[in-house]
Amino acid sequence: MKTGFWQVTFAILRKDMLAEIRSRELLSVMGLFALLSVLIFSFALEMDREARETAISGVIWVTVAFASIIGLNRSMSSEREQGSFDALLLAPVDRSALFLGKFLGNFVVVLLVGLILLPLGTLLYNITLITPWVLVILVLGIFGISTTGTLLAAMTAQTRARDALLSIAMLPIVLPVLLASVRATTSIISGDPTDLWISWPQILLVMDVIYMVLCFFTFGFIIEE
Amino acid sequence: MSDTPAVLSIRELVKIYDFIPVLRQLDLDVAQGDCVALLGPNGSGKSTLLRLIAGLIKPSSGTIEIGGWQMPKEAAAVRAQIGMVSHQSLLYGNLTARENLVFFARLYDVPKNERDDRIAALLEQVGLTKRAESLVRTFSRGMQQRLSIARALLHSPHVLLFDEPYSGLDQDAAAMLDDIIRHTHQDGQTMMISTHLLERAQQVATRVMILNRGRVVLDKQAVAIAEHQLASVYAQAIADKIPSDAPQPRIETSVEPAS
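For the record, the sequence lines run as chains F and L. Note that my numbering gives residue 210 to position 210 of the first sequence, counting from 1, and the numbers run on in steps of one. To convert a position in the second sequence, counted from 1, into my numbering, add 1000.
Rendered as structure tokens:
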């Protein structure tokens, strides 16, 4: 009786992408926030090259984390505003497919913001950020942030203080992902030998799997009452 | 209430929110083709009942059976038999009318080869063929409600639920909605409509049910209630169940104000 899992997942992803391409609501707000954040840090922190190498990873990841909070909040509360999330719950679909569809949409948008940040950081901090390994860390880090973020945004979207609540609930949970991402990015752009930092992407991968499994299986319980 | 076998059957349904019972041991059978108007003051449990039937919330105890499938054990099967129109549109403003329907057709697994014809027929039925490619956020409230009905009918549900569908509609839009509801009912659709508008309820419904404090206090065929008498029947049914010191419920006979 249930509609096919992947059919539902891709229908939601497609719907979210179509709505975003049309309105550019999330990308414009998150992109503008990311731009301002990196600019303010670059003016505020006048540092030598070594200090900049250390600081840039933190700037990038803090910006990604806060931009994703803005985006995730908006993405889920727009579902709640017209009651359309109820329409999703009314359908004979697997709740995990709803989660995966929403997660993929959020992941793509946050990743796009991350991809805008890298050339921006390179330009403003005069440090090469666009390397294959930094891109891998970006994908892994944003994956972890988006999984927990999607689940928590679905939970907090029903509350009045959702903006504050999502930050309060999400930041402590994604802290391990942020720390691993910052450490890995710093080592990579400093040109450290691979064996000094290769454990970080491995740790990130493990955390991503754990977060995904937990969120995937708990989403149904959490959204139904 | 009817000799036709029940398509919707509810037994000893209880819903408790924060230790407050909203529905108390509710029993209900709705036959195929019935159009039940669900009336009652605010907080009587109308919306809760509809949300329980739709599977949006879980009962504290009791059973709900639709088309032979039981909630919450066979929730997906029950959901496939339900269409719901709420006071909110449950639509996506940044998608066109057609894109909204295509999206929901995918969620309800409407066969690909039937999808386009079905969507075209429904848009025609609700009078939105010419606005099929317009973004839903440019629609008036009445148009959104009509599209909402098309969305709810997409998968040919056994039971159609309307939760305060007239909320925020002007007289013309409400009359248009009445027409669509009447035509849909004439096609044999089973319906439950929760509303505060007694006149409209009597015009469209075949059966009138009044809820108060989580209990059914009146359940009659609409034809058994004389025209223009529903307001007094309603007041009597509510007053009988309310202690004399409690505030009397508000009786509305006209269109609800915009929310």
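C-beta: ideal position from N, C-alpha, C; glycine also. Source: prediction; values computed, not measured.
Worksheet item: Quick one: what's got a C-beta closer than 6 angstroms to F1162(L)'s C-beta in the same chain, skipping five residues either side?
Response: V1085 and I1193
By Cβ distance, which residues of its chain are closer than 7 angstroms to E1256(L), with the 5 residues on each side in sequence left out?
Per-residue confidence for E1256(L) stands at a pLDDT of 44, beneath the threshold of 50, marking its modelled position as unreliable; no derived number is given.
For E1133(L), does the count of other Cβ atoms within 10 angstroms reach 16, so buried, or fall short, so exposed?
-> exposed
> From S260(F) to T122(F), what does the alpha carbon distance come to, in whole angstroms?
Replying inline: The requested residue 260(F) is not part of the displayed model; chain F covers only 1 to 225.
Under 9 angstroms, CB to CB, which of the residues in the stretch 1016 to 1039 of chain L have a partner in chain F? none
I want to verify the contact list: residues of chain F whose CB lies under 7 angstroms from the CB of F1079(L), in sequence order.
The sequence given here places Arg at residue 1079(L); Phe does not occur at that position. Correct list: L90, A91 and P92.
Contact set for D1027(L): own chain, Cβ-Cβ below 7 angstroms, skip 5 residues either direction | I1010, R1011 and E1012
Practice item. Per DSSP, which residues does G1083(L) bridge with? Please list them. Key: L1160(L)
With 8 angstroms as the threshold, decide whether the Cβ of V8(F) is near any Cβ in chain L. yes
From the DSSP secondary-structure annotation, give me the bridge partner or partners of Y1017(L). I1020(L)
| message | With a threshold of 7 angstroms on Cβ separation, who are the neighbours of I203(F) within its own chain once the five nearest residues in sequence on each side are excluded? | response | A180
Does the distance from the CB of F1103(L) to the CB of K2(F) come in under 8 angstroms? no
Starting from N1042(L), trace the beta strand (DSSP E) in both directions and tell me its first and last residue. Neither: N1042(L) is in no beta strand (DSSP E) and is coded neither H nor E.
Q) For Q1189(L), which of helix, strand or coil comes out of DSSP? A) coil
*At which residues does the beta strand (DSSP E) containing G1068(L) begin and terminate?*
Segment: none, G1068(L) is in no beta strand (DSSP E) and carries neither H nor E.
- Query: Taking all protein chains shown into account, do 16 or more other C-beta atoms lie within 10 angstroms of the C-beta of H1087(L), making it buried, or fewer, making it exposed?
  - Reply: buried
- Query: Exposed or buried, what is I210(F) when buried is set at 16 or more other beta-carbons lying within 10 Å of its beta-carbon?
  - Reply: exposed
- Just the Cα atoms here: how many angstroms apart are V139(F) and A157(F)? 25 angstroms
With a threshold of 8 angstroms, are at least 3 pairs of Cβ atoms found where one atom belongs to the stretch 58 to 73 of chain F and the other to the stretch 21 to 34 of chain F?
yes
_Using C-beta distances below 8 angstroms, list every residue in its chain close to I222(F), excluding the 5 sequence neighbours before and after it, in chain order._
L151, A154 and M155
- Query: Are the stretch 1096 to 1112 of chain L and the stretch 1134 to 1150 of chain L touching by the rule of at least three beta carbon pairs closer than 8 angstroms?
  - Reply: yes
Between K15(F) and chain L, is there a C-beta pair that is closer than 8 angstroms? yes
TODO: Kindly provide the ranges of any alpha helix (DSSP H) runs that are 4 or more residues long and lie completely inside the stretch 1188 to 1241 of chain L, ordered along the chain.
DONE: 1198 to 1204 and 1230 to 1240
For R1207(L), count the other beta carbons within 10 Å of its own beta carbon; 16 or more makes it buried, fewer makes it exposed. Which is it? buried
Is E46(F) close to chain L? Criterion is C-beta to C-beta, closer than 8 angstroms. no
Are the C-beta of D958(L) and some C-beta of chain F separated by less than 8 angstroms? One cannot answer for residue 958(L) here, as it falls past the ends of chain L, which runs 1001 to 1259.
**Study point:** Contact residues within the stretch 1193 to 1219 of chain L, judged by C-beta distance below 9 angstroms to chain F
**Key:** none
### Task
Taking only the alpha-carbon atoms, compute the straight-line gap between E1199(L) and H1155(L) and give it to the nearest angstrom.
30 angstroms
Using a Cβ-Cβ cut-off of 8 angstroms, state whether R22(F) counts as contacting chain L.
yes
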